[in-house]
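When we follow our numbering, the leftmost residue of the sequence shown carries the number 8, and every step to the right adds one.
For every residue, glycine included, the Cβ atom is placed at its ideal position computed from N, Cα and C.
From a predicted model like this one, the values you see are computed outputs, not experimental measurements.
Have a look at the structure below before the remarks.
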Amino acid sequence: FNALEFHPWGSHAEEPDRADRVVFDLDPGPDVPFAEVKKAATDIRKLLAQLELESFLRVSGGKGLHVVVPLDPGCDWDLTKRFAKGFADALAQSEPQRFLATATKSLRNKRIFVDYLRNGRGATAVA
């Protein structure tokens with residue numbers, strides 16, 4: 008297709024030390040159907056809405072989806088990453104048969120890795 012893919016930082020150029028979004032990268036194991044990834048993204052958005060956080064979906068360019076939470080005004084990177092990790096850990100603890108919060112690929116069978124690591128200063132995610 009001769010297409011370009013952009014992966015910007017999670018901040019504005021004027022304030023690189025402040026995150027302006029939280030990204031949950033849903034990375035499914037090889038045997039997880041895309042329909043389950045879509046359902047997981049919808050369920051995560053509902054949980055975020057209960058926390059009064061708006062979110063939207065992006066396709067990741069791979070097999071997964073990104074759930075994106077805009078932050079306005081921006082937030083400290085460390086706090087952003089701690090929140091993302093805590094949320095991912097809570098998902099993995101509440102539904103361990105469905106989610107995991109560790110990157111080990113061998114553990115992903117029939118589960119979705121909730122990747123919170125795109126929330127550090129300098130980390131990127133697809134635009």
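Residue(s) in a DSSP beta bridge with residue i
i	result
residue 73	32 and 65
residue 26	82
Exposure label - residue i; buried when at least 16 CB within 10 Å
i	result
residue 88	buried
residue 94	buried
residue 101	exposed
residue 113	exposed
residue 9	exposed
residue 29	buried
Sub-9 Å separation of residue i and residue j beta-carbons
i	j	result
residue 96	residue 31	no
residue 33	residue 119	yes
residue 74	residue 55	yes
residue 72	residue 53	no
Inter-residue CB distance, residue i and residue j (contact presumed, cutoff 8 Å)
i	j	result
residue 26	residue 78	6 Å
Point to revise | Ordered list of alpha helix (DSSP H) runs contained in the stretch 87 to 126, each at least 4 residues | key: none
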